[in-house]
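**Student:** Sharing a structure with you now.
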Amino acid sequence: MKATFSIWRGDAQGGAFRDYATEVSEGMVVLDAVHRIQAEQANDLAVRWN
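Residues 401 to 450 in the working numbering are what the sequence shown lists, from first letter to last.
Listed below in structure tokens is the structure:
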């Protein structure tokens, strides 16, 4: 199944939401999908989690 995620891309001067469509499967959490987007579509995407 595909899902679309709107992710804010920007810097101190501004930015915008960008849509990324990726495959998701049962049991995945949002962070799993973001990691997939990083690996497959946006290798410059920075993610911070604790």
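Glycine included, each C-beta is placed from N, C-alpha and C at the ideal position.
What is the DSSP secondary structure of Ala421, counted as helix, strand or coil?
**Tutor:** If DSSP states are grouped into helix, strand and coil, Ala421 belongs with the strands.
**Student:** Taking the beta strand (DSSP E) that Arg409 belongs to, which residues open and close that run?
**Tutor:** Per DSSP, Arg409 belongs to the beta strand (DSSP E) from Lys402 to Asp411.
**Student:** May I ask which residues mark the beginning and end of the alpha helix (DSSP H) holding Gln438?
**Tutor:** Run containing Gln438: Val430 to Glu440, per the alpha helix (DSSP H) assignment.
**Student:** May I have the straight-line CA-CA distance separating Ala416 from Arg409, to the nearest angstrom?
**Tutor:** Going by the C-alpha atoms only, they are around 6 Å apart.
**Student:** How long is the line joining the alpha carbons of Glu440 and Thr422, rounded to whole angstroms?
**Tutor:** Cα-Cα distance, rounded: 9 Å.
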